[in-house]
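Below: the structure, in structure tokens.
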Amino acid sequence: MILRLSQKLCTKIKAGSLKTMPLDANPFADWSAHLFVADRTQYIIVSNTKSLYSTVLFSKGITNDSHFTERAMVSIREFMEDDGLAFVYNRFIAPASGAVSFVKALNRSVTGSMNDLINHATVWLNEGELSPADVGFKLNDVLLSSLARSKADLFRKPREAFNDLVNSINEVT
1 MILRLSQKLC TKIKAGSLKT MPLDANPFAD WSAHLFVADR TQYIIVSNTK SLYSTVLFSK
61 GITNDSHFTE RAMVSIREFM EDDGLAFVYN RFIAPASGAV SFVKALNRSV TGSMNDLINH
121 ATVWLNEGEL SPADVGFKLN DVLLSSLARS KADLFRKPRE AFNDLVNSIN EVT
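Each step along the sequence shown adds one to the number in this note's numbering, with nothing skipped, and position 53 is 53.
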């Protein structure tokens with residue numbers, strides 16, 4: 001499994017120097033993570049690198065790379081269970097989580113899109129009415145141009161992109 005860390009998050013969890021790595025062959029085993037602050041509280045957004053399907057978690061108590069990996073995996077699992085996608089987690093993500101590599105962000109498109117998601121999340125968290133999990137559900141309905149399928153289809157939501165990944169796997173099997 002690949003976990004792509006922002007420099008801020010890498011420093012927080014003391015993950016050492018990050019290398020560059022291409023997208024994992026298993027798109028469900030490649031996730032990007034970034035640390036951000038909203039209303040004086042630190043949060044971490046964890047997004048599937050290919051689809052930008054995201055979850056948000058508190059960063060309190062995450063002090064090293066093993067704490068981060070454990071909490072990120074729990075957050076992804078719980079979020080996907082709540083979203084009716086437990087089978088995807090159990091079949092494609094959990095088996096890949098045995099060996100984790102921390103690497104640099106894939107490209108500027110992913111980083112820029114995650115920054116857009118963080119801007120939305122910050123506003124919603126600053127309002128103080130939503131939990132991090134609720135913010136994740138809202139983030140997965142944000143239209144992003146980086147997920148566009150064609151010039152005619154200018155935007156797509158992370159949830160739609162993730163479901164397309166799921167459907168493409170179902171068609172192959």
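Glycine residues also receive a C-beta, built at the ideal position from the N, C-alpha and C atoms. Computed from a predicted structure; not experimentally measured.
Subject >> Outcome for Ser54 when other beta-carbon atoms lying within 10 angstroms are tallied against a minimum of 16 >> reply: buried
**OP:** With DSSP collapsed to three states, give me the class of Lys60.
**Re:** coil
Subject >> DSSP state of Asn140 mapped onto helix, strand, coil >> reply: coil
**OP:** Hey, could you find the ends of the alpha helix (DSSP H) Ile13 is sitting in?
**Re:** Gln7 to Ile13
**OP:** May I ask which residues mark the beginning and end of the alpha helix (DSSP H) holding Ser75?
**Re:** Unbroken alpha helix (DSSP H) run through Ser75: Asp65 to Asp82.
**OP:** State buried or exposed for Leu154, treating a residue as buried only when at least 16 other CB atoms are found within 10 Å of its CB.
**Re:** That one is exposed.
**OP:** With a cut-off of 8 Å on the beta carbons, I'd call Leu18 and Val103 a contact; round off their distance for me.
**Re:** Val103 and Leu18 do touch by the CB rule: their CB atoms are close to 5 Å apart, below 8 Å.
Original post:
For the ligand ADP, is there a heavy atom less than 7 Å away from the beta-carbon of Tyr53?
Top reply: No copy of the ligand ADP appears in this structure; indeed no ligand is present at all.
**OP:** With DSSP collapsed to three states, give me the class of Ser47.
**Re:** strand
Original post:
What's the call for Thr49, buried or exposed, on a 16-neighbour Cβ count within 10 Å?
Top reply: buried
Original post:
Between the stretch 26-40 and the stretch 91-101, do at least 3 Cβ pairs fall closer than 8 Å?
Top reply: yes
**OP:** Would you list the residues sitting across from Val37 in a DSSP beta bridge?
**Re:** DSSP output for Val37 lists Gln42 as bridge partner(s).
Original post:
At what residues does the beta strand (DSSP E) containing Val103 begin and finish?
Top reply: Ser101 to Val103
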